[in-house]
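Colleague: The opening position of the sequence shown corresponds to residue 1 in the UniProt record's numbering, with each subsequent residue numbered one higher.
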Amino acid sequence: MPKNLLIVESPAKAKTINKYLGKDFHVLASYGHVRDLVPKEGAVDPDNGFRMRYELIDKNEKHVEAIAKAARAADNIYLATDPDREGEAISWHIAEILKERGLLEDRELQRVVFTEITPRAIREAMNHPRRIADELVDAQQARRALDYLVGFNLSPVLWRKIQAGLSAGRVQSPALRMIVEREEEIEAFRAREYWTIEAECTHPSQPFSARLAKLDGQKFEQFTITDGDSAEAARARIAAAAQGALHVTDVASKERKRRPAPPFTTSTLQQEAARKLGFTTRRTMQVAQKLYEGVNIGDEGTVGLISYMRTDSVSLSAEALSEIRDVIARDFGTASVPDKPNVYQTKSKNAQEAHEAVRPTSALRTPASVARHLSDDERRLYELVWKRAVASQMIPATLNTVTVDLAAGAEHSFRASGTTVTVPGFLAVYEEGKDSKGKEDEDEGRKLPAMKLGDRVPLDRIHADQHFTQPPPRFTEAALVKALEEYGIGRPSTYASIIQTLLFRKYTEMEGRSFRPTDVGRAVSKFLSNHFPRYVDYDFTANLEDELDAVSRGEEEWVPLMEKFWGPFKELVEDKKESLDKTDAGSVRVLGDDPKSGRQVSARIGRFGPLVQIGTVEDEEKPKFASLRPGQSIYSITLDEALELFLLPRVLGEDKGEQVSVGIGRFGPFAKRGSTYASLKKEDDPYKIDLAHAVFLIEEKEEIARNRIIKEFAGSDIQVLNGRFGPYISDGKLNGKIPKDREPASLTLEDVTKLLEETGKPARRGFGAKKAVAKKEAAPKKAAAKKAPAKKAAKKAATKKTATKKATKNTARPLSADLEPAKALVTAAKFEPGKKRVVKKADSAPF
Numbered sequence: 001m002p003k004n005l006l007i008v009e010s011p012a013k014a015k016t017i018n019k020y021l022g023k024d025f026h027v028l029a030s031y032g033h034v035r036d037l038v039p040k041e042g043a044v045d046p047d048n049g050f051r052m053r054y055e056l057i058d059k060n061e062k063h064v065e066a067i068a069k070a071a072r073a074a075d076n077i078y079l080a081t082d083p084d085r086e087g088e089a090i091s092w093h094i095a096e097i098l099k100e101r102g103l104l105e106d107r108e109l110q111r112v113v114f115t116e117i118t119p120r121a122i123r124e125a126m127n128h129p130r131r132i133a134d135e136l137v138d139a140q141q142a143r144r145a146l147d148y149l150v151g152f153n154l155s156p157v158l159w160r161k162i163q164a165g166l167s168a169g170r171v172q173s174p175a176l177r178m179i180v181e182r183e184e185e186i187e188a189f190r191a192r193e194y195w196t197i198e199a200e201c202t203h204p205s206q207p208f209s210a211r212l213a214k215l216d217g218q219k220f221e222q223f224t225i226t227d228g229d230s231a232e233a234a235r236a237r238i239a240a241a242a243q244g245a246l247h248v249t250d251v252a253s254k255e256r257k258r259r260p261a262p263p264f265t266t267s268t269l270q271q272e273a274a275r276k277l278g279f280t281t282r283r284t285m286q287v288a289q290k291l292y293e294g295v296n297i298g299d300e301g302t303v304g305l306i307s308y309m310r311t312d313s314v315s316l317s318a319e320a321l322s323e324i325r326d327v328i329a330r331d332f333g334t335a336s337v338p339d340k341p342n343v344y345q346t347k348s349k350n351a352q353e354a355h356e357a358v359r360p361t362s363a364l365r366t367p368a369s370v371a372r373h374l375s376d377d378e379r380r381l382y383e384l385v386w387k388r389a390v391a392s393q394m395i396p397a398t399l400n401t402v403t404v405d406l407a408a409g410a411e412h413s414f415r416a417s418g419t420t421v422t423v424p425g426f427l428a429v430y431e432e433g434k435d436s437k438g439k440e441d442e443d444e445g446r447k448l449p450a451m452k453l454g455d456r457v458p459l460d461r462i463h464a465d466q467h468f469t470q471p472p473p474r475f476t477e478a479a480l481v482k483a484l485e486e487y488g489i490g491r492p493s494t495y496a497s498i499i500q501t502l503l504f505r506k507y508t509e510m511e512g513r514s515f516r517p518t519d520v521g522r523a524v525s526k527f528l529s530n531h532f533p534r535y536v537d538y539d540f541t542a543n544l545e546d547e548l549d550a551v552s553r554g555e556e557e558w559v560p561l562m563e564k565f566w567g568p569f570k571e572l573v574e575d576k577k578e579s580l581d582k583t584d585a586g587s588v589r590v591l592g593d594d595p596k597s598g599r600q601v602s603a604r605i606g607r608f609g610p611l612v613q614i615g616t617v618e619d620e621e622k623p624k625f626a627s628l629r630p631g632q633s634i635y636s637i638t639l640d641e642a643l644e645l646f647l648l649p650r651v652l653g654e655d656k657g658e659q660v661s662v663g664i665g666r667f668g669p670f671a672k673r674g675s676t677y678a679s680l681k682k683e684d685d686p687y688k689i690d691l692a693h694a695v696f697l698i699e700e701k702e703e704i705a706r707n708r709i710i711k712e713f714a715g716s717d718i719q720v721l722n723g724r725f726g727p728y729i730s731d732g733k734l735n736g737k738i739p740k741d742r743e744p745a746s747l748t749l750e751d752v753t754k755l756l757e758e759t760g761k762p763a764r765r766g767f768g769a770k771k772a773v774a775k776k777e778a779a780p781k782k783a784a785a786k787k788a789p790a791k792k793a794a795k796k797a798a799t800k801k802t803a804t805k806k807a808t809k810n811t812a813r814p815l816s817a818d819l820e821p822a823k824a825l826v827t828a829a830k831f832e833p834g835k836k837r838v839v840k841k842a843d844s845a846p847f
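1. What residue does the alpha helix (DSSP H) around lysine 15 start on, and which one ends it?
2. Would you grab the beta carbon distance between glutamate 411 and alanine 241 for me? Rounded to a whole angstrom, and I think it's under 8 Å.
3. Is the Cβ-Cβ distance between alanine 175 and leucine 484 less than 8 Å?
4. What residue ranges within the stretch 73-136 form continuous beta strand (DSSP E) runs of no fewer than 3 residues, ordered along the chain?
5. Please classify leucine 647 as buried or exposed, where buried requires at least 16 neighbouring CB atoms within 10 angstroms.
6. How would you write the range of the beta strand (DSSP E) that tyrosine 728 sits in, first residue to last?
7. Sorted by chain position, which residues of the same chain lie with C-beta nearer than 6 Å to aspartate 405's C-beta, five sequence neighbours on each side aside?
8. Quick one: what's got a C-beta closer than 7 Å to alanine 14's C-beta in the same chain, skipping five residues either side?
9. Quick check: the stretch 30-44 against the stretch 82-95, are at least 3 beta-carbon pairs closer than 8 Å?
10. Just how far apart, CA to CA, sit glycine 409 and glutamate 432?
11. Can you determine whether any heavy atom of the ligand COA sits closer than 7 Å to the C-beta of aspartate 376, and answer yes or no?
12. Nearest-angstrom Cα distance between proline 119 and tyrosine 20?
13. Indicate whether at least one CB of chain D lies closer than 8 Å to the CB of lysine 387.
14. Within 10 angstroms of the Cβ of tyrosine 687, are there 16 or more other Cβ atoms? Answer buried if so, exposed if not.
15. Given a cut-off of 8 Å on the beta-carbon distance, is the pair valine 112 and methionine 126 in contact?
16. Take residue 884 and list the residues in its own chain whose beta-carbon comes closer than 6 Å to its own, dropping the five residues that flank it on each side.
17. For aspartate 594 and alanine 603, what's the separation of their Cα atoms in angstroms?
18. How big is the Cα-Cα spacing for arginine 192 and threonine 469?
19. Suppose the cutoff is 7 Å on Cβ atoms and the five residues either side in sequence are ignored; what does the same chain contact list for isoleucine 162 look like?
20. If you measure between the beta carbons of proline 396 and arginine 177, is that distance less than 8 Å?
21. According to DSSP, is leucine 246 helix, strand or coil?
22. Decide if the stretch 308-315 is in contact with the stretch 372-383; the criterion is three or more beta carbon pairs, one per stretch, under 8 Å apart.
23. If you drop the 5 nearest sequence neighbours on each side, which residues of the same chain put their C-beta closer than 6 Å to that of arginine 534?
24. How would you label alanine 70, buried or exposed, when you count the other beta carbons within 10 angstroms and need 16 or more for buried?
25. Looking at the structure shown, is valine 358 part of a helix, part of a strand, or coil, going by DSSP?
26. Whole alpha helix (DSSP H) runs in the stretch 374-407 with 4 or more residues, listed along the chain?
27. When we look at the beta-carbon of proline 458 and count the other beta-carbons within 10 Å, is it buried (16 or more) or exposed?
28. Assuming threonine 398 and valine 423 make a contact with CB atoms under 8 Å, what is their CB distance in whole Å?
29. Specify, as a first and last residue, the run of the beta strand (DSSP E) that threonine 284 falls within.
30. Sorted by chain position, which residues of the same chain lie with C-beta nearer than 6 Å to leucine 6's C-beta, five sequence neighbours on each side aside?
31. For the pair the stretch 463-479 and the stretch 499-518, tell me if three or more CB-CB distances fall below 8 Å.
32. Any chance the stretch 712-724 sits against the stretch 745-758, with 3 or more Cβ pairs inside 8 Å?
33. Using only the alpha-carbon positions, how far apart do proline 341 and serine 392 sit?
34. Do alanine 678 and leucine 652 have their C-beta atoms within less than 8 Å of each other?
35. Valine 287 and leucine 381 look like a contact to me (Cβ under 8 Å); what is the Cβ gap, rounded to whole Å?
36. Which first and last residues belong to the alpha helix (DSSP H) in which residue 849 is found?
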């Protein structure tokens, strides 16, 4: 048994490192975090120094046991988890577990860190072990405690006022606010008309266009002309003054340098991968993780291709710089290598935590040389990282911009610009992507013909073009990451999880590649902005991140930081609980009155999502409800649009003596004839579908039902049926498989009875041939199950008991703490301990 135990986070990394360290080392993976806060109230105790109660994560318990077993036999234990706060915290948790089990007595425990998985980096790390950095652990614990306390205290407020199962996160809420505020800007935007005028010139060398710069002796600006008549009149005046030609009145040439962008940080990698490769932040980090942990590249075996991908730093090691400069000289010539390395300044204050920028572990491994060993995603991302790092150490590009002014008579003039690259420099390798192009970018690469003062340039035509101003764009992933970074909200390692949380909660949805807030997301954001403005404030969130950074640098203690946050926050939450029913959550919008009944019409968030409602709970008559159609929002729907929704259910007519109607149920639009329901297809509109098409869908549904039975057997409940995934056997209680080499219609009663005994599994209700009878009957006997060990049986019983308890008490943990699914919250949110809940009939819509 090896005497040295080294613990990393991922199994892929463990496999690679084990090859490097050899037979004297046993390398095991923790599979990420091994402990987390207990998923119930009181896991963080503000009255006891914010003491945190942890428990083993179920799915990783077996990995902890393996680590403990190996630790018993090891002389030396090395903790080599990732080089960031989370990694430091994982090492601390493992050390605490081993300490509690008495496994650190007479054993040396050391922390080692490497930012790339290469033999050289591993050897260097093993030669320079250190202690666990308490300040990094404190910063991570403080962040975890803050997120827990915000989620556990704020989420129940949302359940009571807006909808069950909602959550409020310390960092996700300001991010959601950004998306919602942008949507409100777009809705408030009013387009303005404007016109541009351009001249198409036919120079003997090459044709080119020029923009109007001066009209009637005055500078021509965006809104100088705002209607078609004025534009045509101006065009005619200019054409008459030009008399078929423009005259060159000025030629200016300006040379400028453009420096390369720094090597990637986490956020710039995410942004650029989104812009250039179309990757989501999550996809970028997953692919980068694989490249970091190691890929088999043939003769060298498995090796990490990029350095650690969670970093704020833009610096490169001396060794990396030397190698990159050698590659530039070899592949692009010595003239492309600057006299000394390019130095970039990082925005991060946490230099000891940030390490290097994201870079190739060896610039000598060109994208072309490793491409055949990589998947398409890996190849594209590695090429991006390699090119960015190499370009960052090349000479600037030299660009020459020529601007020409051309007069049309004495009162009007046009301007044309062109920019050419005279010395490519770093542009020979890489150019940074941009979200949108400005005028300077449009002119880049455009070469004007040679012109000099006094030249007469023939004019082909002058045209006026109509334009309208555009609303601000919705956030793409790249733009949102950039905004979060600029505001200082979250940290690079959290951006992907922030975005995933917003999508998972259905607070936002993707429209193309852009974020659009859902009605529920807008309601949550409005509520928090109205009642908890400080905790969704961008500056407050950013300052809190800075304080957590100060803790990680050992400049601030984490408990005083928690105390400063907790007091005012808890006081505000308690105050809002008392005054909550008297306030508006921003999730109800009154649209007007129904002209037929005179009752109020409103749009709101209901139990099952956005809806419109006629009437109120105070009315003598029950309110009426209708779901919104796809694309509609409670924040923009009009009264007329809302009233249209109450046209359902629609009676289309009769068929075979029975009424045919369409409506919208909880599971979507449907057509109905008698007792038969048929779902409408995606392209069918329940407000426009006619009788013939509805009958076709119903007949189609009934035909499927008729063809479901392949074979029946007299005197037996067993049937051979067509199912969703192919033919199968069922007696209503058990479903059995049919071997692939057997023809279903050829099976005998003896065959199906035997197959049902051998392969039968309990039928899900609605999937068998018949509904299960109410009285429970004994299933065919099977081999006795192996008795579970007493310890596991006790654990299962305890788990079951805990689950039951959670379902009946309002102690479910908010999802903002990322511990359990939202569904578990829905039931818990409906009740308060010790309080009887009166359910009004108007509380739920007829879905």
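By construction, the Cβ of each residue, glycine as well, lies at the ideal position given by its N, Cα and C atoms.
Modeller: Working from what's here:
1. Numbered from 1 along the sequence shown, position 15 holds the residue referred to as residue 15. Where lysine 15 is concerned, the enclosing alpha helix (DSSP H) stretches over 11-21.
2. Position 411 of the sequence shown, counted from the first residue, corresponds to residue 411. Position 241 of the sequence shown, counted from the first residue, corresponds to residue 241. Confirmed, Cβ separation roughly 7 Å.
3. Residue numbering aside, residue 175 sits at position 175 when the sequence shown is read from its first letter. Residue numbering aside, residue 484 sits at position 484 when the sequence shown is read from its first letter. Cβ distance < 8 Å, so alanine 175 and leucine 484 count as in contact.
4. Qualifying beta strand (DSSP E) stretches, in chain order: 76-79, 108-111.
5. As a first step, residue 647 must be located in the sequence shown, where it is residue number 647. Within 10 angstroms of the beta-carbon of leucine 647 lie fewer than 16 other beta-carbons, which makes it exposed.
6. Locating residue 728 in the sequence shown gives position 728, where the first residue counts as 1. Annotation: the continuous beta strand (DSSP E) that includes tyrosine 728 extends over 726-730.
7. For the purposes of this step, residue 405 is taken as the residue at position 405 of the sequence shown. If we look at aspartate 405 and ignore the five residues flanking it on each side, its Cβ neighbours are Thr249, Asp250, Ser413, Arg415.
8. Indexing the sequence shown from 1 puts residue 14 at position 14. Only Val8, Val27, Leu28, Ala29 meet the Cβ criterion.
9. At 8 Å Cβ cutoff, the stretches touch.
10. The residue labelled residue 409 in the question sits at position 409 within the sequence shown. The residue labelled residue 432 in the question sits at position 432 within the sequence shown. Cα to Cα, the separation comes out at about 42 Å.
11. No copy of the ligand COA appears in this structure; indeed no ligand is present at all.
12. Stepping through the sequence shown from its first residue, residue 119 is reached at position 119. Stepping through the sequence shown from its first residue, residue 20 is reached at position 20. Each residue's alpha carbon lies about 6 Å from the other.
13. Among the chains in the structure shown there is no chain D, since it carries only a single protein chain.
14. Here residue 687 refers to the residue found at position 687 when the sequence shown is read from its first residue. With a threshold of 16 other beta carbon atoms within 10 Å, tyrosine 687 falls short and is exposed.
15. As a first step, residue 112 must be located in the sequence shown, where it is residue number 112. As a first step, residue 126 must be located in the sequence shown, where it is residue number 126. Yes, the Cβ-Cβ distance between valine 112 and methionine 126 is below 8 Å.
16. For the chain, the structure presents residues 1 to 847; residue 884 sits outside this window and is missing.
17. Locating residue 594 in the sequence shown gives position 594, counting from the first residue. Locating residue 603 in the sequence shown gives position 603, counting from the first residue. C-alpha separation (whole angstroms): 13 Å.
18. Counted from its first residue, the sequence shown places residue 192 at position 192. Counted from its first residue, the sequence shown places residue 469 at position 469. Going from the Cα of arginine 192 to the Cα of threonine 469 covers about 5 Å.
19. Here residue 162 is taken as the residue at index 162 of the sequence shown, counted from 1. Cβ-Cβ distances below 7 Å link isoleucine 162 to Ala523, Val524, Phe527, Ala585, Ser587, Ile605 in the same chain, with the five nearest sequence neighbours on each side left out; the list follows chain order.
20. For the purposes of this step, residue 396 is taken as residue 396 along the sequence shown, with counting starting at 1. For the purposes of this step, residue 177 is taken as residue 177 along the sequence shown, with counting starting at 1. A distance of 8 Å or more separates the beta carbons of proline 396 and arginine 177.
21. Indexing the sequence shown from 1 puts residue 246 at position 246. In the three-state scheme derived from DSSP, where H, G and I count as helix and E and B as strand, leucine 246 is classed as strand.
22. With the cut-off at 8 Å, the stretch 308-315 and the stretch 372-383 do not touch.
23. Position 534 of the sequence shown holds residue 534. Within the same chain, arginine 534 has close Cβ partners Phe540.
24. If you number the sequence shown from 1, residue 70 lands on position 70. Label assigned to alanine 70: buried.
25. For the purposes of this step, residue 358 is taken as the residue at position 358 of the sequence shown. Note: valine 358 maps to strand in three-state DSSP.
26. Unbroken alpha helix (DSSP H) runs of no fewer than 4 residues, entirely contained in the stretch 374-407, are found at 376-391, following chain order.
27. Within the sequence shown, numbered from 1, the residue matching residue 458 stands at position 458. Counting Cβ neighbours within 10 Å, proline 458 comes out exposed, since fewer than 16 surround it.
28. Along the sequence shown, read from residue 1 onward, the residue named residue 398 stands at position 398. Along the sequence shown, read from residue 1 onward, the residue named residue 423 stands at position 423. Threonine 398 to valine 423, Cβ: 4 Å. Contact.
29. As a position in the sequence shown, residue 284 is number 284, starting the count at 1. First-last for threonine 284: 281-293, but that is the alpha helix (DSSP H), not the beta strand (DSSP E).
30. In the sequence shown, counting from the first residue as 1, residue 6 sits at position 6. Answer for leucine 6: Phe25, Val27, Tyr78, Ala80, listed in chain order.
31. A contact between stretches requires three or more CB pairs, one per stretch, nearer than 8 Å, and the stretch 463-479 meets this requirement with the stretch 499-518.
32. Because the criterion of three Cβ pairs below 8 Å is met, the stretch 712-724 and the stretch 745-758 touch.
33. Along the sequence shown, read from residue 1 onward, the residue named residue 341 stands at position 341. Along the sequence shown, read from residue 1 onward, the residue named residue 392 stands at position 392. Approximately 9 Å, taken between the alpha carbons.
34. Sequence index remark: in the sequence shown, residue 678 carries index 678 (1-based). Sequence index remark: in the sequence shown, residue 652 carries index 652 (1-based). With contacts defined as CB atoms closer than 8 Å, alanine 678 and leucine 652 fail to qualify as a contacting pair.
35. Within the sequence shown, numbered from 1, the residue matching residue 287 stands at position 287. Within the sequence shown, numbered from 1, the residue matching residue 381 stands at position 381. Going by Cβ atoms, the distance from valine 287 to leucine 381 rounds to 5 Å, so yes, they are a contact pair.
36. Given that the chain is displayed from residue 1 to residue 847, the structure contains no residue 849 and the question cannot be resolved.
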